[in-house]
Ligand code: F0G
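In my numbering, the protein residues as written are 1404 to 1862.
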C-alpha cells in the first residue's frame, strides 16, 4: 500500500451528510430517470461527480472573502489577483472570467475561423463545444498508451507529437487554428503531460506558426507529477516547474474551480500578444462584465488569488494526489480495473472490463455508476459513450475510445474513511456486475444531452 500522507490541514467546520436507505436511493434514481445529474445532492452520501467547484476553501480564503473589494472598477482584489498571477506564471495579461468555459468563449473566436480545426491531446467537452461554436472542429491527438488502461506510462496525457505533425501536414497549416495542451489530460484519466512533451509540442507550434494554448484547469497537479515522475525534475520547486510549463505557450484558459480551489472562477491569459488580449477584452466587456471583475464578485477574486497560491503548495499536492493513488490502489487490489497509474483528480474505472457483456450503446460506465449509487449513495459519472451526443445527421450513437466511470475527489473535502467506504462499496458492486444490463436513452437534448437525458434500464 502506498504511503498515505496525512492531510496537511485539519477540519474547522463540517457539513453533515445524509445517510439514505437502499429503498430511498432506488426511488431517487428512478425519479431522476436514471440520470445521476438529475439527483438532488441531499440524496447523495459521497459526491464524486466532479472536482470542479466542490473543494473546501481554507480559513485564509474565507477571511479573504470578507476583505473582498466590491468596487465596479479597479477593485483592490483584482490587483491582488493580478499580482499573484504575474508572480506565478510570469505573463503579461490576465483576465478574470466566471469559469473555464467563459475563458474558452472569449478566447477561441480570436483564434478559430469556420472550417478550421483545433488539435489537442484531448479536448474537454466544453472545449469541444466552444471549438464547434466557432464553426471549427476538434481533433484529439493523445499518445496511444492512454488507451491501454492496464499499461503503466508515467505521462499518459502526452501529445502524440509525430501524429500532430502528420495532422498539420494533412490538413495544411492554414486550417489549424490552434493547438491546445490540456494539463492534466482530464478525459484520459487526469493523466499528466511531461515538460519534455510540452516543449516538443511548443517547438512544432512555433515551426508552423500556430498559436499554442494551455487548458490549465489542473496545472498544479501536472507540475507535481512532473516533479515526481520526470527525470531531472525531482529537486525543482512546483513554482519553477509551473514557470517552465507556461514559458512557451501563447495563451491559457483556466477553470479556477479545480487547482485554484474556489467554488467559482476562471482566468484567460495572454503571454504578450497585445492584439490578442484586446480581442479578448472586446468580448469580455459585453459578456462577462467590466475588465476588473470579469463576471466575479470582488470577494471571489480575493479567494481566487489566495487559492492559486495554496493550490501550488507541494504538501497539499502530495496529499491530494496521494488520495487518488490510495483509492486507485485499493480498488486495483480488489479487482476493480482502473486507469494506471493513478492520475490527478479522480479515479477512472475501466467499465468495459467490468461489464464486457454491456455494449457501448447501452453505456457500461453509466450503468456501473448507477449501480454504485444504488449500492452506497456514491455519485460518479460516465466519461465514455454516454457523454457523446448522437451524430446530428444519422442519429447514430458514436463509440468513445474508453468507457470510464469517473470518481472525482473534491479537494480538501473527504477523508481516508470516505475513500475506504467507496472501495468496499465498489467491491460489492463487482459481485453483481453480471446482472447489470445497461440503459437506453428515452429522451434527450441535441447538444450535451448527458446532463438532462432520461434513461430506462434494459430488463
Ligand atoms: N477544461 C477542462 C480540462 C475541464 O476539466 C473543465 C471542466 C473545463 C475546461 C471547463 O471549466 O467547468 O469551469 O467551465 N471540467 C469539469 C469536470 C466540469 O467535471 O471535469 P468550467
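Built from N, CA and C at the ideal position, the CB exists for glycine as well.
In this structure, residue 1839 places its C-beta atom within 8 Å of the C-beta atom of residue 1770. Taking the Cα positions, residue 1547 is about 48 Å away from residue 1477. Counting of Cβ neighbours within 10 angstroms places residue 1797 among the exposed residues, the total staying below 16.
For the pair of segments examined, the segment 1639 to 1655 was found to touch the segment 1490 to 1502: the number of CB pairs separated by less than 8 Å reaches three. A distance of 8 Å or more separates the beta carbons of residue 1786 and residue 1814. Screening all residues for a C-beta within a distance smaller than 6 Å of any heavy atom in the ligand F0G leaves 1453, 1455, 1502, 1503, 1504, 1527, 1529, 1530, 1585, 1589, 1618, 1620, 1658, 1660, 1669, in chain order. Cβ neighbours of residue 1632 within its own chain (closer than 6 Å, five residues either side excluded): 1557.
Pairwise C-beta distances place the segment 1707 to 1723 out of contact with the segment 1517 to 1537, as fewer than three of them are shorter than 8 Å.
DSSP lists no bridge partner for residue 1429. Secondary structure at residue 1743: coil, using DSSP grouped into helix, strand and coil. Around the beta carbon of residue 1776, 16 or more other beta carbons lie within 10 angstroms, which makes this residue buried. The three-state secondary structure of residue 1654, taken from DSSP, is strand. By the Cβ test, the segment 1752 to 1760 is not in contact with the segment 1564 to 1572, since fewer than three Cβ pairs between them sit closer than 8 Å.
Distance from the CA of residue 1742 to the CA of residue 1594, rounded to the nearest whole angstrom, comes to 9 Å. When the five nearest sequence neighbours on each side are left out, the beta carbons in the same chain lying within less than 7 Å of the beta carbon of residue 1574 are those of 1520, in order along the chain. For the pair of segments examined, the segment 1813 to 1832 was found to touch the segment 1458 to 1476: the number of CB pairs separated by less than 8 Å reaches three. When 1853, 1834, 1835, 1836 are compared, the shortest CA-CA separation from residue 1843 is found for 1853.
Per DSSP, residue 1859 lies in no alpha helix (DSSP H) segment; the continuous beta strand (DSSP E) that holds it begins and ends at 1857 to 1860. Within 10 angstroms of the beta-carbon of residue 1508 lie 16 or more other beta-carbons, which makes it buried. In the displayed model, residue 1585 falls within a strand according to three-state DSSP. A contact is defined here as three or more CB-CB pairs under 8 Å, and the segment 1723 to 1730 meets this definition with respect to the segment 1613 to 1632. Rounded to the nearest whole angstrom, the C-alpha separation of residue 1767 and residue 1857 is 16 Å.
In this chain, residue 1594 is not harboured by any beta strand (DSSP E), its DSSP state being neither H nor E.
Going by DSSP, residue 1496 is part of the beta strand (DSSP E) stretching over 1496 to 1500. For residue 1825, the uninterrupted alpha helix (DSSP H) segment begins and ends at 1819 to 1834.
Counting the other CB atoms within 10 Å of its CB gives residue 1553 a total below 16, which places it among the exposed residues. Cβ-Cβ separation between residue 1673 and residue 1679: approximately 5 Å, consistent with a contact (criterion under 8 Å). The closest CA to that of residue 1667, considering only 1707, 1684, 1652, is found on 1707.
Under the criterion of beta carbons closer than 8 Å, residue 1658 and residue 1620 qualify as touching, at roughly 4 Å. With a cutoff of 8 Å on beta-carbon distance, residue 1505 and residue 1682 are scored as not near each other. A Cβ-Cβ separation of about 16 Å leaves residue 1563 out of contact with residue 1586 under the 8 Å criterion. Secondary structure at residue 1668: coil, using DSSP grouped into helix, strand and coil. Per DSSP, the continuous alpha helix (DSSP H) segment holding residue 1645 begins and ends at 1641 to 1648. Distance check between residue 1453 and each of 1705, 1784, 1834, 1656 places 1784 closest, using alpha-carbon atoms only. Straight through space, the alpha carbons of residue 1712 and residue 1695 are spaced by roughly 20 Å. In this model, residue 1762 and residue 1836 are separated by some 14 Å (Cα to Cα).
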